[in-house]
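Read in order, the letters of the sequence shown correspond to residues 4 to 339 in the UniProt record's numbering.
Where is the CB? At the ideal position from N, CA and C, for every residue including glycine.
Here the structure comes first, spelled out in structure tokens, and everything after it is commentary.
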Amino acid sequence: NSRILEVTSLKKYFPVKKGFLKRTVGHVKAVDDIHLHINEGETLGLVGESGCGKTTLGRCILRAIEPSEGSARFKDRKGNPVELTTLDPKQLRKIRRDMQLIFQDPYSSLNPRMTVLNIIGEPLLCNGIAKGEELRERVKRLMEMVGLNSRHLERYPHAFSGGQRQRIGIARALATNPRFIVCDEAVSALDVSVQAQILNLLQDLQEQLNLSYLFISHDLGVIQHISDRVGVMYVGKMVEMAETDALFNTPKHPYTEALLSAKPVPDPRAKSRRIILEGEVANPANPPSGCYFHPRCKYATELCKQKAPEWTEVGKDHYVACHLAGELELQGVHTQ
Ligand code: SF4
Numbered sequence: 004n005s006r007i008l009e010v011t012s013l014k015k016y017f018p019v020k021k022g023f024l025k026r027t028v029g030h031v032k033a034v035d036d037i038h039l040h041i042n043e044g045e046t047l048g049l050v051g052e053s054g055c056g057k058t059t060l061g062r063c064i065l066r067a068i069e070p071s072e073g074s075a076r077f078k079d080r081k082g083n084p085v086e087l088t089t090l091d092p093k094q095l096r097k098i099r100r101d102m103q104l105i106f107q108d109p110y111s112s113l114n115p116r117m118t119v120l121n122i123i124g125e126p127l128l129c130n131g132i133a134k135g136e137e138l139r140e141r142v143k144r145l146m147e148m149v150g151l152n153s154r155h156l157e158r159y160p161h162a163f164s165g166g167q168r169q170r171i172g173i174a175r176a177l178a179t180n181p182r183f184i185v186c187d188e189a190v191s192a193l194d195v196s197v198q199a200q201i202l203n204l205l206q207d208l209q210e211q212l213n214l215s216y217l218f219i220s221h222d223l224g225v226i227q228h229i230s231d232r233v234g235v236m237y238v239g240k241m242v243e244m245a246e247t248d249a250l251f252n253t254p255k256h257p258y259t260e261a262l263l264s265a266k267p268v269p270d271p272r273a274k275s276r277r278i279i280l281e282g283e284v285a286n287p288a289n290p291p292s293g294c295y296f297h298p299r300c301k302y303a304t305e306l307c308k309q310k311a312p313e314w315t316e317v318g319k320d321h322y323v324a325c326h327l328a329g330e331l332e333l334q335g336v337h338t339q
């Protein structure tokens, strides 16, 4: 498989400042030494509790937030790798046409004073792709692509339902003909039935346009439905990554096991296997020693308190950061 994106050792540390002189007294490690790749035409899901760093990671890749360290290499249209972290603003503007973001909240991410024509047309105009009648025609085509009535292009966002607004957001993201899209909680604000429609739309568009997605969500059901592979984050670190079925059926990290145990099971007679995690989520400004998960992990050993586990491949395309990876018999949720 051809990789469209390769991220190595990516870090984002936010300084913690204190006192009158605003001296830096520490750092919040929001994204801490992340490795991942995304193949062309595939969806990598990213899951974890809120505040685990998944949104910051998505934005660091797009350089909407400047990463502190590390590398993010993106394959351009000619097939050449481009190091995103060191691009100057002009080069960045050019490559941004290829990489877009779909936001969480279709209620607040669209300017209420702009018509749909202007909202979807703005990236076309700003990038010098189209103007005038051509822009209008392109916007109409984009609206049809996402299942909106193209006669409604002079309407304002308030005239549309939540699902339709998210379709407007998707049409806007598609305007520059991107190849990679970060979907950040793209369906979380929607009703379950509308969620399914938007997920299906994203999948259809992926097939038609050979799009690659980084799909960020706290919702395991959504992640399982849409992802080819899944990464699990805990306190700024990636703790496990695998193909979707492997991750859900045979997790190798105790945190993944606990997260999966909270996933609702369709059969109401099934016994709850929920693993209740003791203790608080670690503070990223002052994380525990060794493995960040050790204060909450029922399998923790002395080594876990002292040494951070390394990111290791334990099976085909299955990576885990745990000293006991491969030794533990963990429970998954059986998907078949
Ligand atoms: Fe638990 Fe140790 Fe693995 Fe961390 S390294 S998840 S504490 S067993």
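Pull up the CB-CB distance for residue i and residue j, whole angstroms please, since I reckon it's below 8 Å.
i    : j    : result
L217 : V185 : 5 Å
L120 : L127 : The pair is not a contact, with the Cβ atoms about 10 Å apart (cut-off 8 Å).
S71  : K14  : 5 Å
S111 : S12  : In fact, because the Cβ distance is near 34 Å, the residues do not count as touching under 8 Å.
T46  : Q209 : 7 Å
L156 : M148 : Rounded, the Cβ-Cβ distance is 13 Å, inconsistent with contact.
I201 : G166 : 6 Å
F251 : G335 : 6 Å
E86  : R76  : 6 Å
A311 : C294 : 6 Å
If distances are taken between C-alpha atoms only, which option among the options comes closest to residue i?
i    : options                : result
D231 : E86, Q206, M241        : Q206
P287 : L263, N252, M236, V323 : M236
A189 : P181, N180, A176       : A176
R276 : N289, L262, Q211       : L262
E9   : V31, C63, Y16          : C63
R168 : T59, L113, L47         : L113
T247 : G329, L65, K319, L280  : K319
G172 : A265, T118, Q94, T27   : T118
P115 : G282, A162, H30, A311  : A162
I279 : P291, S292, S264, A285 : S264
L204 : H221, R170, P181       : R170
L306 : R144, E283, E86, S292  : S292
T304 : N289, V225, L250, E330 : E330
K266 : E52, G135, T27, V28    : E52
N289 : D91, Y16, A324         : Y16
L193 : A33, F183, D222        : D222
L60  : V323, G234, G29        : G234
R144 : Y159, Y258, T179, P160 : T179
D187 : H256, L104, L212       : L104
L49  : P298, R299, V225, Y302 : V225
S164 : N213, L212, Q198       : Q198
Are there 16 or more other CB atoms within 10 angstroms of the CB of residue i, so buried, or fewer, so exposed?
i    : result
H321 : buried
S215 : buried
V195 : exposed
P254 : buried
Q227 : buried
M129 : In the sequence on display, residue 129 carries Cys and not Met. Its Cβ having fewer than 16 others within 10 Å, C129 is exposed.
D35  : buried
Q107 : buried
L327 : buried
R154 : exposed
Q339 : Note that Q339 has pLDDT 46, beneath the 50 cutoff, so the model's placement of it is unreliable and the number below is only indicative. Classification for Q339: exposed.
R99  : buried
L24  : exposed
T89  : exposed
E69  : exposed
K308 : exposed
V142 : buried
E316 : exposed
R182 : buried
E136 : exposed
- Message: So within the segment 30-115, which uninterrupted alpha helix (DSSP H) runs reach at least 4 residues, ignoring any that extend past its ends?
- Response: 57-65, 92-99
- Per the contact definition of three or more C-beta pairs closer than 8 Å, is the segment 30-45 in contact with the segment 237-246? Touching, yes, given that three or more Cβ pairs across the two stretches are closer than 8 Å.
- Query: For the segment 256-329, which segments carrying the alpha helix (DSSP H) assignment without a break, of at least 4 residues, lie completely within its bounds, in sequence order?
  - Reply: 257-264, 305-309
- Query: Which parts of the segment 183-242 are runs of the alpha helix (DSSP H), unbroken and 4 residues or longer, counting only runs that do not cross its ends?
  - Reply: 195-212, 223-229
- Message: Quick test of the definition: if touching needs 3 or more C-beta pairs under 8 Å, does the segment 110-124 touch the segment 72-86?
- Response: Judged by Cβ distances under 8 Å, the segment 110-124 makes no contact with the segment 72-86, as fewer than three pairs qualify.
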